[in-house]
Structures are given as structure tokens and as C-alpha cells.
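Residue numbers (my numbering), protein chains in the order written: chain A, 1 to 237; chain B, 1001 to 1224. Below is one structure, written out as C-alpha cells, with a few remarks after it.
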């Protein structure tokens, strides 16, 4: 038998999963872990439902606090669910296999962040009008609250991926993850609450929303790059 | 020896030394892997077998010496090497939230070929259960089922593939490895168990230990 013939046969072309395949498999996994989707939402709703019990039920006071409280709780709920973003894949070796693909890790991180947002940020944004009603937010703020959370939580998911990637090799990353991502979350929080406050006060709020959209564009371009680099460092040890 | 000179060298390692956590594991390592050749890396626990494999797949660039893939030195050769690499590590790369069938399809198998591969590893009937609910040995089999897919990449690097496998599993794996070598593929693996493979070569890492007295170690390590 001639050796060159069999060699050609053995060199199989390696199938590289594209972004669509990555997204599909992550969606499937997210749908199978429904508790992971429900937990941040329950946290979000419970804390905001308890708030009037803590600070008193005066409608004016609640209305004043509503934009900030809803935004801070959305931020915390996103961060709490972020810890496990890469953990499962790291422990079962999938991350190692993804890092070996000829295709850059960027797309894998982007797909994971997108699914994380669909599973946490999007439901939070959809629930926000209901919670705004509970906290007596003036009706002028509803649309702006939804849009700002819609854009802002996507940025939070992307930025949080950096922290999750940096701490994936650690056993208990909790506080460290918070310390890494909190400063990066601050601009999103400021412009998110600023937009809602402006809407309530009757001012134009499109500038704040535009900045939130710009933050999202920058996060989508840069955060997966940073997270991909962090994953390679975590895998190296 | 004319047979070995005929088949081309695919992977060559020259004067390789690896470190882990500031400790030099081995140095002066030389070997070459031919198309159709198989090498089993031996060495005691902690000798650096996994570190060597991880260096060869480019997961860590912390080495000195030369690694060449088809005569192209790393890191230039790494890219083309990864295109023809199948690596199964300690962690098999099997997602617990997916079924064996979904896991294999993720690795590029068609449904028919995935079913056939699972069948050859006695996993028929388990293709629809989540891998979370399977045993360690069964999960190992799912990871190794990638070796049974058609159009397999030509370089297999396997880290302890025999762990948690039963006798029948080992036999099926040996048969598939022999098949792969016959087709001109190459194989590099670590294992503590003896393997029944024709033409298997050995590299023992204990032959390349760093001979270094305690006083030669850098001061920083002493104070750490």
C-alpha cells in the first residue's frame, strides 16, 4: 500500500463550529438549567418587593428611590449569575477544547455573553415595568427604564464575562469577581439611572440612552477580547 | 530501519525543557513522531507528562527548546498543527448538560457516525441520557468516542485515556488506535498502564530529569 494515499485519508478536515453553532449549543444548555435563569429574577423581584417594607410605604419616597433601586438590583442580579458563566465549561474541559480551535475564542465568549444576557438581562428588562409599578415610578419613566435596562444589562453581561474569565480557575471567586467588575459597571449604572431620572423629570433622555448604546458597542467589541485573553491565562495554570 | 526513514516525521522535539510553578521538570528532551508512529510517555506522578502534552498542544508557551510540526517550528507551526489535532485531556471535554449524541455532534459528527461511534464503545441506549447522569467510565467513553468518528484528525494526543475504562473499553480503544496508525495517523499518549499496540515507542521522562543539587536552585525559590 502506498503511504501517501493513506495519509491523505487520515488528515480529516477539522470542523470548526461557527458563531451560530456556539450560540445554539449555549442556548440549549441554558434552557436545560432553568434554575439558573430563575434565580437572578427571583432575587430581583424579592428584594424590590421587600423594599417598601424596609423603608416605609410612602409613595413619594418610593417613587424617588425607584430608578436607582431597580438599576442597582438589576446590576447585582446580573453579577450574581455571572460567577458560573465559564465554570462548568472549565471543569469539564470544554474551555480547553474551545481554546484549541483554530477560530479565536472571541466568538465563543461573545456567544456565551449573549446567551447570558438572554437568560438574565432580557427577562429583568421585561419585568422592570411591573416592579416600577410596585415602586410607584411615574409613568413617564417606564419606557426609558425598559430601554435603558435592555441596553445596559447587555453591557453588564459582556463586562462581567471579563471578571468571570479571570476568576474561573479560583475555587471561591465571589468577592474578587465583584471587586474586578464593579468599577467597570459604574458608568453603565450612572447613565442608566440618569436616563430614567431625566425621563421622570420631563427632560430629553436620548443622550443618555445613546451613551448606553455606545458603551454596549464598545463592550461588545472589546470585552470578549479581554475575556478570551483571561481564559487563556486561566487555562495556562 | 528503512521503513521508519520512509514515513515522514510529523512532530519533532529538540532539547525541550519545561517548567511548572518555577520548578524545572525535565530538560534535554529529544524525540520525533512519524506518520504512522505511536509514542507512550512514561514517568512517575508529577514527572511532567501532562505539562509536556500541554506544551505540545500550545496551551502553555513556557518552554525552552524547539518543537517542530512538519518542519515548521512553534509558534508558526502551531496553527497548522491544531488543524490536524485531536486532543483528549484529563478533563474530557464532555458537557454534562448535553447527551452523548449532542456532545459528539458538537465535535462535528453527523448523527449516523456519532451513533456508530457510541455503539462501538457500548454506549448504545445511553445516547439520549444527559452525561451528568452517566458514570465516570461512561463519560470517559463519550470523550474517547471522538476517536471513533470518521475523518479523524491525523494527530492524536491523549492524556491518560485509559483511566476509568474497563477491560473491554481498553481493548476497543487499542483496536481503534492500531487502525489509526495503519491509516498513517500518529499518536502520542501518556498512561501508567501497558498498552498492546504494535510499533509503540516509549519516552521515559525520568531519563531527562533535571540533575540539580538543592544549592543550585535560584534564591527566589528558597524564599518562596
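Beta carbons: idealized from backbone N, C-alpha and C, even for Gly.
Nonlocal neighbours in the same chain, by C-beta distance under 7 Å from residue i, ignoring five residues either side
i, result
"residue 1222/B", "Because the pLDDT of residue 1222/B is 42, which lies under 50, any placement of that residue in the model is unreliable, and the number read from its coordinates should be weighed accordingly. Cβ within range, chain order: n/a, list empty."
"residue 18/A", "none"
"residue 156/A", "75, 78, 121, 185, 188"
Reduced DSSP secondary structure (H/G/I, E/B, other) of residue i
i, result
"residue 5/A", "Residue placement at residue 5/A cannot be trusted, given a pLDDT of 40 that sits under 50; the coordinates are not used to answer."
"residue 1045/B", "coil"
"residue 1007/B", "coil"
"residue 14/A", "At residue 14/A the pLDDT is 49, less than 50, meaning the model places this residue with poor confidence; the figure from the coordinates comes in the next sentence. DSSP places residue 14/A in coil when its eight states are reduced to three."
"residue 1166/B", "coil"
"residue 1154/B", "coil"
"residue 234/A", "helix"
"residue 1019/B", "strand"
"residue 1070/B", "coil"
"residue 1065/B", "strand"
"residue 1221/B", "With a pLDDT of only 44 at residue 1221/B, under 50, the local geometry of the prediction cannot be trusted, and the value read off the model is given with reservation. In the structure shown, residue 1221/B sits in a helix (DSSP, three-state: H, G or I)."
"residue 162/A", "helix"
"residue 1028/B", "strand"
"residue 72/A", "helix"
"residue 146/A", "helix"
"residue 1039/B", "strand"
"residue 944/B", "Nothing about residue 944/B can be read from this structure; chain B reaches only from 1001 to 1224."
"residue 1085/B", "strand"
"residue 1183/B", "coil"
"residue 1216/B", "Low local confidence applies: a pLDDT of 47 at residue 1216/B is under 50, so the model's placement there is unreliable, with the coordinate-based value given in what follows. It is helical."
"residue 92/A", "coil"
"residue 179/A", "helix"
"residue 1012/B", "strand"
Exposed unless 16 or more other CB atoms sit within 10 angstroms - verdict on residue i
i, result
"residue 233/A", "exposed"
"residue 1081/B", "buried"
"residue 1040/B", "buried"
"residue 1110/B", "exposed"
"residue 91/A", "exposed"
"residue 1202/B", "exposed"
"residue 1193/B", "exposed"
"residue 1085/B", "buried"
"residue 176/A", "exposed"
"residue 1175/B", "exposed"
"residue 1179/B", "exposed"
"residue 203/A", "exposed"
"residue 141/A", "buried"
"residue 1013/B", "buried"
Chain-order list of residues whose beta-carbon lies under 6 Å from that of residue i (same chain, five-residue window excluded)
i, result
"residue 81/A", "40, 120"
"residue 1185/B", "1154"
"residue 1054/B", "1060"
"residue 103/A", "16"
"residue 1115/B", "none"
"residue 239/A", "Only positions 1 to 237 of chain A appear in the structure, and residue 239/A is not among them; the question remains open."
"residue 67/A", "193, 196, 197"
"residue 115/A", "26, 27, 30"
"residue 1009/B", "1032, 1034"
Beta-carbon neighbours of residue i, restricted to chain A and to distances below 8 Å
i, result
"residue 1057/B", "100"
"residue 1106/B", "17, 21, 25"
"residue 1076/B", "Result: empty, since nearest Cβ-Cβ is about 14 Å, beyond 8 Å."
"residue 1079/B", "102"
8 Å CB neighbourhood of residue i in its chain, flanking five on each side removed
i, result
"residue 118/A", "27, 30"
"residue 1200/B", "1038, 1039, 1040"
"residue 65/A", "51, 55, 135"
"residue 1072/B", "1080"
"residue 1048/B", "1018, 1020, 1025, 1026, 1205"
"residue 162/A", "180, 181, 184, 223, 226, 227, 230"
"residue 218/A", "none"
"residue 1063/B", "1016, 1017, 1018, 1019, 1055"
"residue 153/A", "74, 78, 117, 120, 121, 122, 124, 125"
"residue 1106/B", "1095, 1098"
"residue 129/A", "142, 145, 146"
Listed by chain order, chain B residues near residue i by CB distance under 8 Å
i, result
"residue 92/A", "1091, 1092, 1093, 1094, 1095, 1096"
"residue 36/A", "By Cβ distance, chain B contributes nothing, its closest Cβ being about 10 Å from residue 36/A, past 8 Å."
"residue 103/A", "Here the premise fails: no neighbours, minimum Cβ distance about 10 Å."
"residue 82/A", "Ordered by position in chain B, no residue passes the 8 Å Cβ test against residue 82/A, which lies about 18 Å from the chain."
Under 7 Å by beta carbon: chain A residues contacting residue i
i, result
"residue 1144/B", "None at all; the shortest Cβ gap to chain A is about 13 Å."
"residue 1120/B", "Those within 7 Å of residue 1120/B in chain A number zero; the least Cβ separation is about 17 Å."
"residue 1060/B", "236"
Closer than 7 Å at the beta carbon, the chain B residues around residue i
i, result
"residue 33/A", "1097"
"residue 97/A", "1093"
Partner residues on chain B for residue i, Cβ-Cβ distance less than 9 Å
i, result
"residue 57/A", "Ordered by position in chain B, no residue passes the 9 Å Cβ test against residue 57/A, which lies about 43 Å from the chain."
"residue 29/A", "1095, 1097, 1098"
Near the ligand NAP: residue i beta-carbon under 6 Å from a heavy atom
i, result
"residue 1025/B", "This structure lacks the ligand NAP; in fact it carries no ligand of any kind."
| request: Pair every Cβ in the segment 1162-1181 of chain B with every Cβ in the segment 1134-1144 of chain B, then say whether three or more of these pairs are closer than 8 Å. | output: yes
| message | For the segment 170-180 of chain A against the segment 203-216 of chain A, do three or more pairs of beta-carbon atoms, one drawn from each stretch, fall closer than 8 Å, so that the two count as touching? | response | no
| task | Kindly confirm or deny that the segment 1095-1104 of chain B and the segment 1115-1134 of chain B touch, where touching means at least three C-beta pairs closer than 8 Å. | result | yes
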